[in-house]
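Numbering (our numbering), first residue to last: 432 to 1459.
Next up, the structure:
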């Protein structure tokens, strides 16, 4: 708001509380008051129930200003015999109580042609009004004027041809136009029989453009009457380009679409295909108009084309086009206006946005669109758009300003019937402009409110265009005081504000109020570095200055530097805001109209602010006092494997990021390190942060990448200074393995040459890995058995229970862990199966056999027996051992796989395996041995992944089941051994006998000597007997 006190001065006097409230509201409703003055409006009232205000037209002739108002159902003051013919009133703007009816359309002669008899009852004179800007001619129409010739003669329908009146600029002469009348035309609807010409009209140069929506069974047409040649041109739809019932001509206009010097015409057809169209037409051949461009509506029932306005929004010499769709509905009939910019040669392009007003329920925004001329003196024409049904039929108009790029997307001012203090109805149904009624050089605006039988003139306030500049010294030398403060030397600078009034001439001095603020861009948390003495020691001051049109007026303030300024790098920016002050102009005696206070122009992107900045003088070695920051960084990781460092997920330790920042250039002010890392990392702290003056702030915490911005040093990093910073980081325990990127970027607030910035950035890779260490243990029960015994029955088996334990003792969880058990399952070279798995159970996951062989009991028992000779040889063979084991991917083994899935740190999985062993397999020959050592292998391993580090290569365990043969010979072998032993004993006996015989052992000499010895002993034996 440029002048809220002026806009609402009458209300603000009531209460201070209301003042505060309204000022707050105005801050949020900037457009409520611009340069259309709403306090000093002029109201004209017409006859009750006459629809006075259905059309309005500002008119000026020979220094006399008028408001012409159409009242379509007013009674004629001159001819009471006509029933509600409608009337045109002229209202003297200098006399608010005086409106008089023009003597238009009340002629006594009803003859209008050879086959024409006029009926003026209910002709709706005043339904449309237009004015020629060059000479001031006026056209007023009544579209319900009827030819009743054939009704009286042949009892045919009345023919609503419509009538228009060309009125002279002095409002004293009129010329009748009935463009749709044709001799012998008698059928209603056919050709021009019911054309209703004049429902809309537009007057430019010597051309009168009239809409005739009832032509050709309401296909519609646009009629152009040349006042100079008195020729009529019309659009005739011979090729059925426009659909029946389209109402072409419901709205009309004209502009320069093909060339700045050409004239083309616009016609709206709001009922075309129920979506509506707008056509651009030009002169064709044989008094006809032809379509050269068309625009289509977008929504059913929107009434696109109900209003059109050709206006050069960007002042490029070509007309642009606004098309209203007042019944466009989001909820109900809020209304829209579409903007089309002229690309040249009548090629129009729609802007990306639509004008919506306040987008209010049933407002019918876009019911009327009017070119107001340049009311804000920015060189671009402005438009008013009516929303007559807004706020329960109170109505409103919206002011949109032309711009170099087309038109402002938001309105600059909204005026409603309630704002100007009256309960108007249908305010905004008609709008007129482009006439200066109070002589201040700005076009004013008239608005009709026909349900209140009223018309209102709103005057335009003069717009003050202020060119403001601020002059500062190029630099400030803080070592050379140039001023004194309290008798002491002080560093200061002069701040000069210069104002110049531009635009249209405004008499007298224009008061300007300003507020000047120092050091507005100082670093957050730092005190302002300059202040003004006149306002204590504040960094702000205010003042006022009187300026004249096109003359430069300047004022200078001294700003003093505070002591102990620490920030000498940030520019010193001053900012001034300004607004209008007092402006007194002597009241004119010739008019009752009160002079209006000027208002500051609202310019695109301009908020009445001017600023400038300077710098502290510095003495530097490098060009532009450039810094030269060099950054290096490294990661200290808690684990390593085979000479490579990594971080083991889940180990609970932290990561240290060591950053070294070196300034090889001039002093760096407010140096900062910007660290970016994935959000699975957490920042813990900076080591020795207070000692090294490190302060960090986390940004973008909710994003995939977390930002850590750290200020380094106590404001400065001096030239040739190195700062080492250590950051502690942690890793989210739920993170996945992979390579994370950490980037470090060094910046400062002062400049660094582009060619020196290549070493400001460093990127590091953090390897996150799973450190897996699996321990495997196992045993079998029983661990030894004897085989070879003959049992009852054809065959038998031995049962064994294996127990395995797998524990994750590593640094991380073990993903997708598997466990493989391999049992040697055949005695080479025989194919027979040694084991049969009876039961497999696991405390974690599940297990299954990899190579299942279905066997029957017959298969187990039906094994080949060793031959008698093989048994004899085995019985007498040397005692030995045979080892049975499995090779990798060995098909001769019984392989079992267990899938444990994810094993957390310390997790244990136990596998129970029950098997039966067929001892008969161990007795197969060849291959059997007295001692068989059956070696089972069990291995645990995670999935193959480059991000998994196996701290042990394939951890495994072996379990040995030992089998001993009983060495009991079979029945046949035993008989064989006994028989063989007897036979061998007899052979040996025979040999011994033979040898004894050969050596004479059996000769008689020995027998004789023995007998002799026996006899010699007899004497001794007898003597003893005799003594007894």
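Glycine included, C-beta positions come from ideal geometry on N, C-alpha and C. Keep in mind that this is a model prediction, so the values were computed, not measured.
Nearest-angstrom Cβ-Cβ length linking residue i and residue j, presumed shorter than 8 Å
i, j, result
"residue 484", "residue 872", "Actually they do not touch by this definition, with Cβ atoms about 27 Å apart."
"residue 798", "residue 737", "7 Å"
"residue 550", "residue 577", "4 Å"
"residue 1250", "residue 1237", "6 Å"
"residue 1086", "residue 1139", "That pair is no contact at about 13 Å."
"residue 595", "residue 658", "Not a contact, Cβ separation roughly 12 Å."
"residue 949", "residue 963", "7 Å"
"residue 634", "residue 570", "5 Å"
Residue nearest to residue i in terms of C-alpha spacing, selected from the options
i, options, result
"residue 685", "741, 718, 716", "741"
"residue 1343", "1378, 465, 1349, 1275", "1275"
"residue 1220", "1169, 1395, 1058", "1395"
"residue 815", "759, 753, 764, 1076", "753"
"residue 1150", "1061, 763, 1234, 1336", "1061"
"residue 917", "820, 991, 845", "991"
"residue 552", "1336, 516, 817", "516"
"residue 745", "1379, 804, 1360", "804"
"residue 1038", "1006, 931, 956", "1006"
"residue 1197", "534, 1078, 1029", "1078"
"residue 1114", "1090, 1104, 1162", "1162"
"residue 1010", "1044, 1001, 1046, 973", "973"
"residue 1319", "1367, 876, 936, 1420", "1367"
"residue 830", "806, 848, 1057, 1376", "806"
"residue 751", "1376, 800, 1008, 982", "800"
"residue 1033", "893, 883, 1182", "893"
"residue 1360", "1218, 1242, 1421", "1218"
"residue 1131", "1124, 1109, 1152, 1121", "1109"
Residue i to residue j span [Cα, whole Å]
i, j, result
"residue 1135", "residue 1332", "29 Å"
"residue 499", "residue 1014", "33 Å"
"residue 728", "residue 757", "11 Å"
"residue 1451", "residue 1423", "In this prediction, residue 1451 has a pLDDT of 46, which is less than 50 and means its spatial position is unreliable; what the coordinates show is noted afterwards. Their backbone Cα atoms lie some 38 Å apart in a straight line."
"residue 604", "residue 555", "20 Å"
"residue 1111", "residue 1165", "8 Å"
"residue 438", "residue 766", "Summary for residue 438: the model assigns pLDDT 39, below 50, so the residue's position carries little reliability, and this model does not support an answer."
"residue 732", "residue 647", "22 Å"
"residue 1345", "residue 1064", "58 Å"
"residue 1170", "residue 1199", "6 Å"
"residue 1176", "residue 1247", "39 Å"
"residue 1387", "residue 1211", "15 Å"
"residue 782", "residue 712", "22 Å"
"residue 775", "residue 846", "34 Å"
"residue 1278", "residue 1172", "40 Å"
"residue 715", "residue 888", "40 Å"
"residue 867", "residue 527", "17 Å"
According to DSSP, residues forming a beta bridge with residue i
i, result
"residue 665", "654, 719"
"residue 486", "501"
"residue 714", "720"
"residue 1129", "1139"
"residue 920", "915"
"residue 530", "522"
"residue 572", "559, 595"
"residue 971", "948"
"residue 802", "814"
"residue 495", "492"
"residue 873", "Residue 873 pairs with nothing; no bridge assigned."
"residue 1170", "1198"
Segment contact flag, the segment 1228 to 1235 with the segment 1187 to 1202, C-beta cutoff 8 Å, min 3 pairs: As far as the Cβ criterion goes, the segment 1228 to 1235 does not touch the segment 1187 to 1202, which means the pair count is below three.
Give a yes or no on contact between the segment 471 to 483 and the segment 495 to 510, applying the rule of three or more CB pairs nearer than 8 Å. yes
Would you say the segment 702 to 718 touches the segment 671 to 679, given that touching needs at least three Cβ pairs under 8 Å? yes
Taking three-plus beta-carbon pairs below 8 Å as touching, is the segment 828 to 841 in contact with the segment 980 to 1000? A contact is defined here as three or more CB-CB pairs under 8 Å, and the segment 828 to 841 fails this definition with respect to the segment 980 to 1000.
Stretch-stretch touch, CB-based, cutoff 8 Å, three pairs: the segment 973 to 990 with the segment 932 to 945: Two segments are said to touch when three or more pairs of C-beta atoms, one from each, lie closer than 8 Å; by this definition the segment 973 to 990 touches the segment 932 to 945.
Can you find at least 3 beta carbon pairs, one from the segment 1380 to 1387 and one from the segment 1192 to 1203, that sit closer than 8 Å? yes
Are the segment 526 to 544 and the segment 558 to 568 in contact at 8 Å, needing three or more beta carbon pairs? no
Do the segment 854 to 871 and the segment 484 to 496 meet, that is, are 3 or more Cβ pairs less than 8 Å apart? With the rule of 3 Cβ pairs closer than 8 Å, the segment 854 to 871 counts as touching the segment 484 to 496.
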